[in-house]
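The sequence shown begins at 69 in the numbering used here and counts up one residue at a time.
Below is one structure, written out as structure tokens; comments come after it.
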Amino acid sequence: MTTNDITPARAGRERNCTHCGATYRSPRSSSLYCSNACRMKAKRGTAPTATSCGPAGWNPITKALHLAGYIGCIGPVSALSKAAPVYALTVPYELALDELSFQFNRRGWGYVRKEEFDDALRSDGIVDHKARASEAVDLNRRQTRRRMEVARA
Numbered sequence: 069m070t071t072n073d074i075t076p077a078r079a080g081r082e083r084n085c086t087h088c089g090a091t092y093r094s095p096r097s098s099s100l101y102c103s104n105a106c107r108m109k110a111k112r113g114t115a116p117t118a119t120s121c122g123p124a125g126w127n128p129i130t131k132a133l134h135l136a137g138y139i140g141c142i143g144p145v146s147a148l149s150k151a152a153p154v155y156a157l158t159v160p161y162e163l164a165l166d167e168l169s170f171q172f173n174r175r176g177w178g179y180v181r182k183e184e185f186d187d188a189l190r191s192d193g194i195v196d197h198k199a200r201a202s203e204a205v206d207l208n209r210r211q212t213r214r215r216m217e218v219a220r221a
């Protein structure tokens, strides 16, 4: 047996949903859909939506964090804004890594390495949990100016 014959425990488990096209991690080789919502929408013939499967194109690690509630949308601040949504970790980095690694290991997918976790967050554009959207920073700046003008008057 050569070193090329050895495959990691999670090999072949990353799949694409046949309905929405999202990448997900499957414990079975026969799964076709990333969620029951996608399975039922495919059965009904309904068009896929980004809300049922999370943002399109996210890798399985980021999607698992989003489903667990460790990633949330921090921008745009205004509902009228046409800016693309900005996502960030809602918990400290170490906590998210430890919890995700625990959940993956419990399901038999193996531990998530720090490098793998970093690459997943970087590739999907997820920012640190202390980050704020640029619109929120601008809004805070405008509100501070208004308060100072009122205080002077």
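Just so you know, even glycine gets a beta-carbon here, dropped at the ideal spot from N, CA and C.
Count the other CB atoms, across all protein chains shown, that sit within 10 Å of the CB of S191; report buried if there are 16 or more and exposed otherwise. Within a 10 Å sphere around the beta-carbon of S191 sit fewer than 16 other beta-carbons, which makes this residue exposed.
Close beta carbons around S99, own chain, < 7 Å, minus the five adjacent residues each side: If we look at S99 and ignore the five residues flanking it on each side, its Cβ neighbours are R83.
Leaving aside the five residues before and after C85 along the sequence, list all residues of the same chain whose C-beta is less than 7 Å from its C-beta, in chain order. Around C85: Y92, Y101, C102, C106, C121.
Less than 8 Å between the beta carbons of A188 and T130, yes or no? In terms of Cβ geometry, A188 and T130 form a close pair [threshold 8 Å].
Label V205 either buried or exposed according to how many other C-beta atoms from any shown protein chain fall within 10 Å of its C-beta, with 16 as the threshold for buried. Taking all protein chains in view, the Cβ of V205 is surrounded by fewer than 16 other Cβ atoms within 10 Å, so the residue is classified as exposed.
What do you get for H87, buried or exposed, if any count of 16 or more other CB atoms within 10 angstroms of its CB means buried? Result: buried.
Secondary structure at T91, three-state DSSP: helix, strand or coil? In the three-state reduction of the DSSP assignment, T91 falls in the strand class, which pools E and B.
Please list the terminal residues of the continuous beta strand (DSSP E) segment that includes C141. In this chain, the beta strand (DSSP E) harbouring C141 covers 139 to 143.
Residue burial classification, V180 (beta-carbon count within 10 angstroms, cutoff 16): By the 10 Å Cβ count, V180 comes out buried.
Quick one: using the 10 Å Cβ neighbour count with 16 as the cut-off for buried, is S169 buried or exposed? Classification for S169: buried.
Strand pairing of E217, partner residues [DSSP]: Under the DSSP definition of a beta bridge, E217 lacks any partner.
Quick check: K182 and L165, are their CB atoms within less than 8 Å of each other? Remark: C-beta atoms of K182 and L165 approach each other more closely than 8 Å.
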